[in-house]
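So the protein lines, in turn, are chains A and B.
Here the numbering used here runs 11 ahead of the position in the first sequence, where the first position is 1.
Here the numbering used here runs 11 ahead of the position in the second sequence, where the first position is 1.
In what follows, a single structure is set out as C-alpha cells and then discussed.
Number of protein chains: 2
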Amino acid sequence: MSEWFELKEAEFNTALTTRDVNKMRDLFNTVPTVDLAEFADNVKDPSTLTFIFKVVKSELTADFFTELNDETQEKLLRVFSDDQLVELINKSYTDDIVDVLEDMPANLVNRALKFIPKEKRESVNKLLNFKEDTASSIMTTEYFELNGETTVEDAMKQIREKGKQAETIYTVFLRDEKRNLTGTVDLDDLIFADPKQTLNQIKNKEFIYTKVGTDQEEVARIFKKYDLNALAVVNNEHKLVGVITVDDIMDVMEKESSEDIARLNKVADMETPYLETKISKLVIKCVPWIIILMILQLFSTMILSSFQVVIAQVAVLSVFTPLLMDAGGNSGGQTTTIIVRSLALGEFDKKDIKKVIWKEFRVAVCIAGIVAIFAFGWIMFEIAVGIVKFEKVGTYHDWTWTGKTLISLLVASTLFVTMIVSRMVGCLLPFGAKLIKQDPAVLCGPITTTIVDIVTLLTYFLLWQYAFSPILERIATL
Amino acid sequence: MSEWFELKEAEFNTALTTRDVNKMRDLFNTVPTVDLAEFADNVKDPSTLTFIFKVVKSELTADFFTELNDETQEKLLRVFSDDQLVELINKSYTDDIVDVLEDMPANLVNRALKFIPKEKRESVNKLLNFKEDTASSIMTTEYFELNGETTVEDAMKQIREKGKQAETIYTVFLRDEKRNLTGTVDLDDLIFADPKQTLNQIKNKEFIYTKVGTDQEEVARIFKKYDLNALAVVNNEHKLVGVITVDDIMDVMEKESSEDIARLNKVADMETPYLETKISKLVIKCVPWIIILMILQLFSTMILSSFQVVIAQVAVLSVFTPLLMDAGGNSGGQTTTIIVRSLALGEFDKKDIKKVIWKEFRVAVCIAGIVAIFAFGWIMFEIAVGIVKFEKVGTYHDWTWTGKTLISLLVASTLFVTMIVSRMVGCLLPFGAKLIKQDPAVLCGPITTTIVDIVTLLTYFLLWQYAFSPILERIATL
C-alpha cells in the first residue's frame, strides 16, 4: 500500500465503521483511485464494499471499478442493481469493459451484455471474440480520428469538444476521404503548430501502425522502438479499427516477461499475485512440471541401471555422475535462456539461424575447453585433499596416481563433449520451436536436459568401458 | 529491420554508393529515424558513416545520434570536428548526452565536456555522477514547470513559447512561491479546462512524485500503477530536480526483466544483442557460473564418495541419485522463481515473510505428498517394465518384490523430505538476500541447489543404512 494511503488509514477505518459519508468523501479526494481500489480489494464484507463504491465520486467510479481485482469486481457485479450496472457501463471505456467481462462467469457476462447500448455492444462483442494476445485484444475503440485536411485551429476545437470520449488525445489519427488511415499527429506538434496549417502538413514523418492480428509482444517492441504514446491498429482494408495506448503496453511487457521467466524455470506462470493465489492453484502450477521432468528422466535411469555392473565394480564412477549431468544441464540452460530471450526481444529471426549456430559452435568449443581443463585440475585437487576417496571396493583395489589421473581425465573428456552438445542442443531447440510455431520457452529446457543427460551418461560409461578401462588394465599389467 | 525500411533498401544503397545527397534526403523523409540509425549501425566504413550523418536533416541529427549503438556513436565522435560536436550537444537533451557519455572512453568524455555550455555542463556532470539504477540516473532536467496560480490560458501561451525545450509537455509540473513542487497537470486536462481557471484548480488529485535515490525498479512500478506519462523527481528539500518519461521506463522494465531472467538461469546478463556480442564476452558471461556451480558441488561429491562402499554393495541405489537431486533442484528453483518474481513486482515486502512461509509450508506438504505417491508408483512401474533392473551384484543378489518395493519406498520417502526442504529453502533465501540488501536472483538458485543436494543425499543414504537396509535384512532372515 502506498505512503499516501498509509498516512490516512486510521481515519479511513473510523469513517468506514461509522459510515461517515462526508468524511469519506473528503479522504477520497486526497487518495489516488488505484490505492483506494487496493484498499477495497482487502474488504471482505460485500455491504461495506458497496458502501465504498457508492461514496466514490461519480466521475471516478469507472476508473475505480477497473482497478479492482477480479474477485472484488465479481462480488460487486453480483450485488449491483440494473441501474448501477447501466451507469457503470456507460462510464467505462470499451477495452476496460472487455477486460472485466473476460474473467467473469458466463451468467454475469450475459447480464452485463444486456445493458450495454447497442453501438457499444458490437465493439464489446467484437473485442471479446478477438484472438488472445494479439493487437486486437488490447486495443480500445475510443480513439480520436480527423480528416487530414482539417486545420490545426479546427482540430483543437474538435478535440476540446469531442476529445473527452477518447482514451487518449495525445495522438490524433488522420484519415482521407475514403476513411483510410493516412498518418498520425502528436498533440504537442498540434500545440506548437501554426493554427492555419493542415494536419497533413504537420503529421509525423514516421507513419507507424500495426494490424489486428499482430502478436502483442511484437506490438510492445514497436512501442519501445519508436517511443510511442499510442499506436493505430488497422484491418486488412487499411481502415483504422482501434488504438493501443502505452499503459496497456506496460502491462503486456510485464506479463510477457513473467511468462518467459516462469517457463524458463519450469513452473507455470502465476496470473495472480502470490498472496492472492490459492494453495491448490500453487500446487497445480508446480506439480505437473516436477512429474513431467521425473518421467523424462526415464532415459537416464535406464542408462544408469544398465551400467550397474560397472558401478558395482568401480563405485567411484558414480561419484561424478551428478556433477556431469548438472554441468550439462546448467550449460544447456544458459544457451536456451540467451537464445529464447533474444528471440523474444526480436533480436534475430529465423533467417539468422546459420549465423547463430556458427557463433554458438565457436563459443561452445571455447567454453568446453576451459571447463574441461578446469575440471581436470579441480578433480585432481578433490582427490588430493581427500574430498574424493578411492575406497577398496570392486575390481580395482589399488588406485595408483595413474589410475586417479585417468579418472580425472575421463571426467574432463566427458565434460568437453557435454559442454559442446548442451550448447548446440540448447541453441537449436528454441529455433526449432519457433519454426513449428511453439513457444520456445516451454519445452526447450526439459528436452535439452533430457538429451544432454543421455549423451553425457553414454559418453561417460562408454569412454570408460572402451577407452579408459583398457588403458588402465594395460598399464597395470606392464 | 522494419518493413518500412526493407522496401527502400535497394534505392538506399544506390544513393549511398553514388553519394547522391538529394536522393538520400528524399528517402530519409520517409524512413523513421530509428530505422535509419539501425541501418547506420551496420555501416563499417567511417567516411560513409559521416556522410550519412551529414545528410540527416539538421533538426533530426540529435535524435538520430541518440538511437545509434555505442560503437557507432564512438566511431562518429572520434571523427567529429569541434563545430559538429558543439552543434550536436546543443541539440541534445541532457539525459541523452549523459546516456552517450556514460559508455564512452574518458578522453572522448573530456573532449565533449569541454564543449558543453556551462549551464548544461552542471546538469550533465550531476547526472553522470548520480547513482546507477536510481531515479536520478534516468531522469532528464528538461521539464516544464509553472507556478500553480497561472491561468490555463496563460499556461497554454507559455507552453507554446517555451515548451519545445522540454522533453515532454504532456505533464506540466506545478510549484509554489518557494519553488516547492505542489502538483501536476496533464496536458489533456489543460486543453479541456476553462481558460480562466488556475492550474491549481485543475491539477491532478493524485500528487505522485519520487525521490532522487529511489531504485529504478520501484520507479517503474509507480509508472505502471498510476499509468503515468511523466513522473517528478524531487530532492530532499522537496524541490523538483528532474523528470522521468515513460519511454525511459519501458527501457528500465526490459532491462530489469532481462537481468532477472539471466540471473535466475545462471548466466550473466547480456547487455548487448546476441549477434553484436563478441565470442569472448559470451564465454565470460557463461564460464564463471559453470565453474562456481561445479565447485559448489563439492559437498555432494564428498557425500557420494563417502558412501562408495554402500554403492558398491547395492549398486541400484546409484540409479536414483540423479533423479532425486534433479527433483529437489527443480522444485527449489520453482519456489525461488515465484518468490523472486513477486519481490521484484513489489507484491510483498519483508513484513509479509511470516505469511509467505506459512503458505509455502502448506504448499510444500501438498506437493511433497503428491510427488512422493506418484514417484512410488512410477518407480514400481519402471521396475515392472524393466527400465530399472536389479543386477546380481554386491550384497543383495536376490531381489524379491519385497526388496524392490522397499527401494521404491526409500526413493519416495526421500523425495517427500526433499520436496519440503527445497521449497522452504527456495522461499527463505530470497527473503534473506533482501534482508542483507543483495539481489535475490543471483545466488539463491545455486545455494538452494547446494543445500537441497546435501539434504537429499544424506536423507537417502542414511534412511537406507539405518532404516530400509535393516528392515530388508530382518525380512530376509524371517
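Quick reminder that beta carbons are idealized off the backbone N, C-alpha and C, glycines included.
Distance, Cα to Cα, A177(A) vs T162(A)? For A177(A) and T162(A), the distance between alpha carbons rounds to 20 angstroms.
Express the C-alpha separation of D360(B) and F64(A) in angstroms, rounding to a whole number. Roughly 28 angstroms separates the two Cα atoms.
Taking the alpha-carbon positions, what's the R186(B) to Q208(B) distance? Taking the straight line from one Cα to the other gives about 16 angstroms.
Could you compute how far the alpha carbon of E156(A) sits from the alpha carbon of V183(A)? Per the coordinates, the alpha-carbon of E156(A) lies some 6 angstroms from the alpha-carbon of V183(A).
Considering just the uninterrupted stretch of the alpha helix (DSSP H) at Y237(A), what are its terminal residues? Run containing Y237(A): 227–237, per the alpha helix (DSSP H) assignment.
Do P333(B) and L474(A) come within 9 angstroms of each other at the CB atom, strictly closer than that value? With respect to P333(B), L474(A) sits apart: the two C-beta atoms are not nearer than 9 angstroms.
Which bits of chain A does S311(B) rub up against, with CB to CB less than 7 angstroms? Simply P333.
Distance cutoff 9 angstroms, beta carbons only. Does T41(B) sit that close to anything in chain A? So yes, T41(B) belongs to the interface.
Less than 9 angstroms between the beta carbons of V244(B) and G339(B), yes or no? With respect to G339(B), V244(B) sits apart: the two C-beta atoms are not nearer than 9 angstroms.
Close beta carbons around I431(B), own chain, < 7 angstroms, minus the five adjacent residues each side: A375, V376, A379.
Between the alpha carbons of N240(A) and R36(B), how many angstroms are there, rounded? In this model, N240(A) and R36(B) are separated by some 27 angstroms (Cα to Cα).
At 7 angstroms on the CB atoms, spell out the chain A contacts of A273(B), in chain order. The contacting residues are T348.
In the DSSP assignment, the beta strand (DSSP E) including A241(B) goes from what residue to what residue? It spans 241–245 - the beta strand (DSSP E) in which A241(B) sits, taken as one unbroken run.
Answer yes if the segment 318–334 of chain B comes into contact with the segment 394–408 of chain B, meaning at least three C-beta pairs across the two stretches below 8 angstroms, and no otherwise. At 8 angstroms Cβ cutoff, the stretches touch.
So what's R373(A) in DSSP terms, helix, strand or just coil? If DSSP states are grouped into helix, strand and coil, R373(A) belongs with the helices.
The beta strand (DSSP E) enclosing I255(A), as first and last residue numbers: Looking at the DSSP string, the run of the beta strand (DSSP E) that includes I255(A) is 251–256.
Identity of the residues DSSP links to T145(A) by a beta bridge: The partner list for T145(A) (beta bridge, DSSP) reads D226(A).
Just by C-beta distance, which residues in the segment 280–295 of chain A are closer than 7 angstroms to chain E? No chain E appears in the structure shown, which is made up of the protein chains A and B.
Beta carbon of V278(B), beta carbon of K296(B): below 9 angstroms? If you check the CB distance, V278(B) and K296(B) come in under 9 angstroms.
CB contact flag (A355(A), E228(A), <9 angstroms): The answer is yes: Cβ separation under 9 angstroms.
Please classify I322(B): is it buried, with 16 or more other beta-carbons within 10 angstroms of its beta-carbon, or exposed? I322(B) counts as buried, since at least 16 other C-beta atoms from the protein chains shown sit within 10 angstroms of its C-beta.
Does any C-beta atom of chain B lie closer than 9 angstroms to the C-beta of T459(A)? Not closer than 9 angstroms to any Cβ of chain B, the Cβ of T459(A) fails to qualify, so no.
For K536(A), return the contacting residues in chain B, with the cut-off set at a CB-CB distance below 7 angstroms. Here chain A covers residues 12 to 489 and nothing more, so residue 536(A) does not appear.
To the nearest whole angstrom, what separates the beta carbons of D259(B) and E270(B), a pair I think is in contact under 8 angstroms? Approximately 16 angstroms separates the beta-carbon atoms of D259(B) and E270(B); this is outside 8 angstroms, ruling out the contact.
Do you know whose CA, among L468(B), A383(B), F387(B), L286(B), lies nearest F310(B)'s CA? If we check each option's Cα against that of F310(B), L468(B) comes out closest.
Hey, would you say E153(A) sits closer than 9 angstroms to V223(A), going by beta carbons? Against a cut-off of 9 angstroms, the Cβ pair of V223(A) and E153(A) comes out as no contact.
Rounded to whole angstroms, how far is the Cβ of L335(A) from the Cβ of T425(A), which I believe are closer than 8 angstroms? With 8 angstroms as the limit, L335(A) and T425(A) qualify as a contact, their Cβ atoms being about 6 angstroms apart.
Sequence-distant residues of the same chain with beta carbon closer than 7 angstroms to L483(B), five excluded per side: Here the set comprises G414, L417.
T221(A): which of N211(A), L99(A), R232(A), L47(A) sits nearest, CA to CA? Measuring from the Cα of T221(A), the nearest candidate turns out to be R232(A).
Burial state of K235(A) (16 or more Cβ within 10 Å): It counts as buried.
Spatial neighbours of K68(B) in its chain, beta-carbon cut-off 7 angstroms, leaving aside the 5 residues before and after: Same-chain partners within the cutoff: F39.
For R352(A) versus I272(B), is the C-beta distance shorter than 9 angstroms? Taking 9 angstroms as the Cβ cut-off, R352(A) and I272(B) qualify as a contacting pair.
What number of angstroms, rounded off, separates the C-alpha of V263(B) from the C-alpha of I398(B)? Roughly 50 angstroms separates the two Cα atoms.
In chain A, which residues lie less than 7 angstroms from D238(B) when you measure between Cβ atoms? In chain order: D258.
Chain B residues whose Cβ lies nearer than 8 angstroms to that of C455(A): Counting only Cβ-Cβ distances below 8 angstroms, C455(A) has no contacts in chain B at all, with the closest Cβ about 12 angstroms away.
Residues of its chain near V191(A), where Cβ-Cβ distance is below 6 angstroms and the 5 sequence neighbours each way are ignored: The sequence given here places Asn at residue 191(A); Val does not occur at that position. Hits under 6 angstroms: H249.
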